[in-house]
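This report refers to the structure that appears directly beneath it.
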Amino acid sequence: MTEIIAAEPQDENKIIAERRAKLAALRETGVAFPNDFERKHFAGDLHAQYAEASKEMLEAEQVNVQFAGRMMLKRVMGKASFATLQDMSGRLQIYVSNDHVGEENHQAFKHWDLGDIVAASGVLFRTKTNELTVQVHSVRLLSKSLRPLPEKFHGLTDQEQKYRQRYVDLMTNDDARKVFMTRSKIIQTIRQFMMGHDFLEVETPMMHPIPGGAAAKPFVTHHNALDMDMFLRIAPELYLKRLVVGGFEKVFEINRNFRNEGLSTRHNPEFTMMEFYEAYRDYRYLMDFTESLLRETARVATGGEQVSYNGEIIDLGKPFDRLTIVQAVRKYNPEYSEAQLSDRDWLISWFESNKGKYRATDGLGGLQLSFFEETTETKLIQPTFIIDYPAEVSPLARRSDSHPEITERFELFMVGRELANGFSELNDPEDQAERFMEQVRQKEAGDEEAMHYDADYIRALEYGLPPTGGCGIGIDRLVMLLTDSASIRDVILFPQMRAE
RNA sequence: GGGUCGGUAGCUCAGUCGGUAGAGCAGCGGACUUUUAAUCCGUUUGUCGCGGGUUCGAAUCCCGCCCGACCCA
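Numbering (the numbering used here), first residue to last: 474 to 973.
Next comes the structure, spelled out in structure tokens:
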């Protein structure tokens, strides 16, 4: 064993000092952090397996168990004690008495602290109040906890501390644990759904020489050996379409994107997206597919197709509404006429008098989209596809054959938020090259979020991309919806925070 | 970036009119062999977010800053 060198203690207090003294005493008597305990049972499994077992049955069977967990509650009496241990699956009570472990061991146990990791071996029984409990024959302290747990009844409530010290949130707050277990279930369900439809799961670069695939500001880093700046990806789109060119005709990726933007209850600088692409499909098929994917995910992860969010019932079971931008504005704001919405001058004067955000250089389509964002987006509570986005804001989407100024694109909205974005892919390399050039012109004109010209992507398209549909789904926002969470920080284990 | 609310013991919180701070939990000591947030008795613990200012005196009033939550852009 190497010498123990204690680091400079941080925010030390009397309670921590007491516990350090207990740990020092443990070191004197032997191995302070033993790792020779064999865990054979989980609390949750035992509760499930012996839910029906009566007092008498347990007494007759003499079920031996070995389990371990964090001590969350402790009730010490003179010659016997109860404690509650918590493992990954749940909680189970143990009963420690002079009769079964000896007075010396029980005496030691009395000085163990809430938060300590404890191993217990013994026999299952039921108490007077019928609670399944382990009558302990051997009890060991496996890991001394030096820091006191939050107050045992209220748990940790300080939002900042919940985010900064998620490990404390998870050990004391059942709801927090459930959210992240549901998140795992959601991602598992999506993956199985995609596999079930013969999609190939792939991993494309997180570090890009040219940031592409979305309109966003990237994070910059530097590769020393190559002496080149690199960008954390803002989207995997251009790489996934290269794979479709290569012949992987159905691909998907579930992974992180990074966008150098502000923080909010809906934005974290790194967030998880599922993007998928399928050759020989268009945006109408993608809407059907996305709809059934989300329906299935809700059903498996939450047990139903109707989910409660912020006091409202969101129905993923019935067909999602599909509206053009103008149709959606008129459905939710009937006071605006078709004629007004097709009138550039009227729209601009509306933005001016309502201090709405718009870009003066935009055409009618772009202005209509800005108007939609100002007046309608937050009213789209039930799942709604908005379709036919203007080409000027959709540089990677295929134009409509009948209306080349719009694209075959949709965005899916729920609870007033964008959840997904998909389109028939632009596979005409010459049109794509021209659209990149237009993006470059906008970047030169000062639009920081405009795209770069990606010459290799054009080269890939020149080999021939089959007609393809592709879609991205914001996983964090989906988890928020399905776990009724108000903030994206509640569904990300370690959300971005300012430095302490 | 703007607005609202908040930051007091390890945790959850109270703190009146400006008079140098309290409760519960946790901890420590004691009683208790079926407890359930165990109970009962005793007891320890503070950079009142930070820095200025007003005042004989500031957790409290004023100004600035930091951190967080929520809302808005």
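We treat Cβ as the ideally placed atom computed from N, Cα and C, and that holds for glycine. In this text, all values refer to a predicted model and were calculated from it rather than measured experimentally.
Residue i versus residue j - alpha carbon distance
i    : j    : result
R908 : E881 : 15 angstroms
K791 : I946 : 19 angstroms
N486 : S960 : 33 angstroms
A972 : Q661 : 33 angstroms
Q632 : L643 : 13 angstroms
E576 : G551 : 10 angstroms
H773 : W585 : Checking the sequence, you will find Val at residue 773 rather than His. Rounded to the nearest angstrom, the two C-alpha atoms are 41 angstroms apart.
E917 : P684 : 16 angstroms
V574 : L597 : 15 angstroms
A687 : T775 : 31 angstroms
E476 : L499 : Note that E476 has pLDDT 44, beneath the 50 cutoff, so the model's placement of it is unreliable and the number below is only indicative. In a straight line, the C-alpha of E476 is about 16 angstroms away from that of L499.
I489 : S554 : 24 angstroms
S737 : Y636 : 14 angstroms
G517 : A581 : 27 angstroms
A480 : H610 : Any reading at A480 is ruled out, since the residue's pLDDT is 47, under 50, leaving its predicted position unreliable.
R512 : G595 : 12 angstroms
A732 : D920 : In the sequence under discussion, the amino acid at residue 732 is Arg, which differs from the Ala named in the question. Approximately 16 angstroms, taken between the alpha carbons.
G628 : S616 : 21 angstroms
I478 : Q638 : No answer about I478 holds up, because its pLDDT of 45 lies below 50 and its placement is not dependable.
T797 : T849 : 12 angstroms
E534 : G588 : 32 angstroms
I859 : Y936 : 32 angstroms
A592 : R664 : 36 angstroms
A524 : M561 : 19 angstroms
R493 : P709 : 49 angstroms
M667 : F506 : 44 angstroms
Q539 : N894 : 50 angstroms
Q915 : D957 : 39 angstroms
L767 : S657 : 15 angstroms
F967 : T745 : 13 angstroms
G735 : M924 : 19 angstroms
L531 : T602 : 15 angstroms
D904 : L840 : 23 angstroms
E722 : Y782 : 36 angstroms
I821 : L789 : 36 angstroms
A649 : L673 : 32 angstroms
E808 : L814 : 11 angstroms
S618 : M970 : 26 angstroms
A771 : I659 : 8 angstroms
H670 : G829 : 43 angstroms
P621 : D647 : 18 angstroms
F692 : G542 : 41 angstroms
8 angstroms contact criterion, which residue i and residue j should meet: CB distance rounded
i    : j    : result
N741 : I965 : 6 angstroms
L565 : G943 : About 48 angstroms separates the two Cβ atoms, so there is no contact after all.
N571 : V612 : The Cβ separation is near 12 angstroms, so there is no contact.
V504 : I567 : So it is not a contact: roughly 22 angstroms between Cβ atoms.
L842 : R871 : Not quite, the Cβ-Cβ distance comes to about 18 angstroms (not below 8 angstroms), so this is no contact.
V799 : L954 : Not quite, the Cβ-Cβ distance comes to about 27 angstroms (not below 8 angstroms), so this is no contact.
F845 : V802 : 5 angstroms
L519 : L605 : 7 angstroms
D415 : E865 : Here the chain comprises residues numbered 474 to 973, so residue 415 is not present and cannot be evaluated.
Residue i - partner residues in DSSP beta bridges
i    : result
V724 : L673 and Y750
N730 : F744
D794 : T857
G895 : F883 and C944
R757 : None, per the DSSP bridge assignment.
L705 : M680
K547 : A556
T606 : Q566 and F598
D788 : Q779
F540 : A593
S737 : H740
P968 : DSSP lists no partner for P968.
P863 : I879
R872 : T880
T694 : M703
S611 : S594
Can you list the alpha helix (DSSP H) stretches of 4 or more residues lying completely in the region 565-597, in chain order?
571-574 and 576-583
Examine the Cβ distances between the region 847-856 and the region 874-891 and report whether three or more of them are shorter than 8 angstroms.
Contact holds: three or more Cβ-Cβ distances are below 8 angstroms.
Mind pulling the alpha helix (DSSP H) runs of 4 or more residues that sit fully within the region 806-847?
811-814 and 817-827
With a threshold of 8 angstroms, are at least 3 pairs of Cβ atoms found where one atom belongs to the region 696-704 and the other to the region 649-669?
no
For the 8 angstroms Cβ check, are there 3 or more pairs between the region 707-727 and the region 762-770?
no
Quick check: the region 738-757 against the region 923-943, are there 3 or more CB pairs under 8 angstroms?
As far as the Cβ criterion goes, the region 738-757 touches the region 923-943, which means the pair count is three or higher.
Ignoring anything shorter than 4 residues, give me the alpha helix (DSSP H) runs that lie fully in the region 614-640, in order along the chain.
DSSP assignment within the region 614-640 yields the following whole alpha helix (DSSP H) runs of 4 residues or more, N-terminal first: 632-637.
Ignoring anything shorter than 4 residues, give me the alpha helix (DSSP H) runs that lie fully in the region 899-962, in order along the chain.
Taking 4 residues as the minimum length, the alpha helix (DSSP H) runs contained wholly in the region 899-962 are 902-917, 928-936 and 948-956, in order along the chain.
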